[in-house]
Structure formats: structure tokens, C-alpha cells
Amino acid sequence: MAKRKAAGTPRIHTAYGLQVGSKVRVADNSGARIIQIISVAGYRGRLNRYPKATIGDMVIASVKKGSPKMRRTIVRAIVVRQKRPYKRESGEMIVFEDNAVVIVNPQGDPRSNEAKGPVAREAVSRWPRIGTIASTVV
156 MAKRKAAGTP
166 RIHTAYGLQV
176 GSKVRVADNS
186 GARIIQIISV
196 AGYRGRLNRY
206 PKATIGDMVI
216 ASVKKGSPKM
226 RRTIVRAIVV
236 RQKRPYKRES
246 GEMIVFEDNA
256 VVIVNPQGDP
266 RSNEAKGPVA
276 REAVSRWPRI
286 GTIASTVV
């Protein structure tokens, strides 16, 4: 079976807010609380340059804090909030209070049934299934 790519709109260039090694809050009820990014799915960069991620990107990460069942596992996640300001196509600047991700399966479907806090509109337009579990879309 072919892997599903990000549905909806294509990736929009925004300011990169996270890189490999960043520890990020998990904004869902999957059991993980803190994850550390170990790779960015689909990132093609220069030799020796750290891969970077922004809103709507899929990252591969290791669970550092959480339930004993989730700890020390490798998961995929979608970035839904970032502290670094980025500009929308309409010209408005968006800044979130923290960096956060939602844990998903390899096809991009959320592994939980609730996302805490606001979720960026760019992430929902790229991954529509995240919009179904989001409490607020900003």
C-alpha cells in the first residue's frame, strides 16, 4: 500500500522554528509528554546542515517523558505550534506561546482523539485529520 502524503494544500514556506535535537511538548492525549526530534521527514538539505522543521512538517522523534508504555519509543509527529514568528500569506505575523506536536501514524492519522491548545491553520490545511481532533484552529 502506498504511503499517504500530506493532503490538501502543498507546503508553504514559513520560518523554521525547530531543528534536530529540539525537545518539544506533545499537545495530545497519546501518553507522551515531551519528545526530542531526531529527523525531519522529507527534508533535503545540504551536507552537515541540521534538518529544520516548521508548522505542518512531519518529524520523527524519540519520546523522552510520558507513560512507561510510550517512553523510549520512536514516533512520528506533526508540528502544530512554534514559538518562532512566521508570516501568513495575508501578511499577518503569527506567534505561539510554545512549540508543540501531535503524534501520528506513518500515514498522518492522529494516534489520539484530542489535541490540547490551539493548532495552526497551516498544519490543518496540510493534514486535515488533525483538524478533527483540534479544540481550536488559529
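Take the working numbering: the last position of the sequence shown gets the number 293, and nothing is skipped along the way.
Ideal placement from N, C-alpha and C gives every residue a C-beta, glycine not left out.
Bear in mind that the values here come from a model prediction, so they are computed numbers and not experimental data.
* To do: For K207, collect the residues of the same chain with a Cβ closer than 6 Å to its Cβ; drop the 5 residues on either side in sequence, then sort them by chain order.
  => Result list for K207: Y171 and Q174, in chain order.
* Residues that T228 bridges to, as DSSP identifies them -> Partner(s): none; T228 has no beta bridge.
* To do: Would you list the residues sitting across from G221 in a DSSP beta bridge?
  => Answer by DSSP bridge pairing, in chain order: A187.
* Asked: If you check the beta carbons only, do V234 and I258 fall under 8 Å apart?
  -> Cβ distance not < 8 Å, so V234 and I258 don't count as in contact.
* Asked: So, using beta-carbon positions, are G211 and Q191 closer together than 8 Å?
  -> A distance of 8 Å or more separates the beta carbons of G211 and Q191.
* At least three beta-carbon pairs within less than 8 Å, the region 220 to 227 to the region 246 to 257 -> Touching, no.
* To do: Give a yes or no on whether the C-beta atoms belonging to I215 and A196 are separated by under 8 Å.
  => Yes.
* To do: Return helix, strand or coil for V99, following the three-state DSSP convention.
  => No answer is possible for residue 99: it lies beyond the span of the chain, which begins at 156 and ends at 293.
* Quick one, which of E252, G272, M225 and T228 has its alpha-carbon nearest K238's? -> Minimum Cα distance to K238 is reached at E252.
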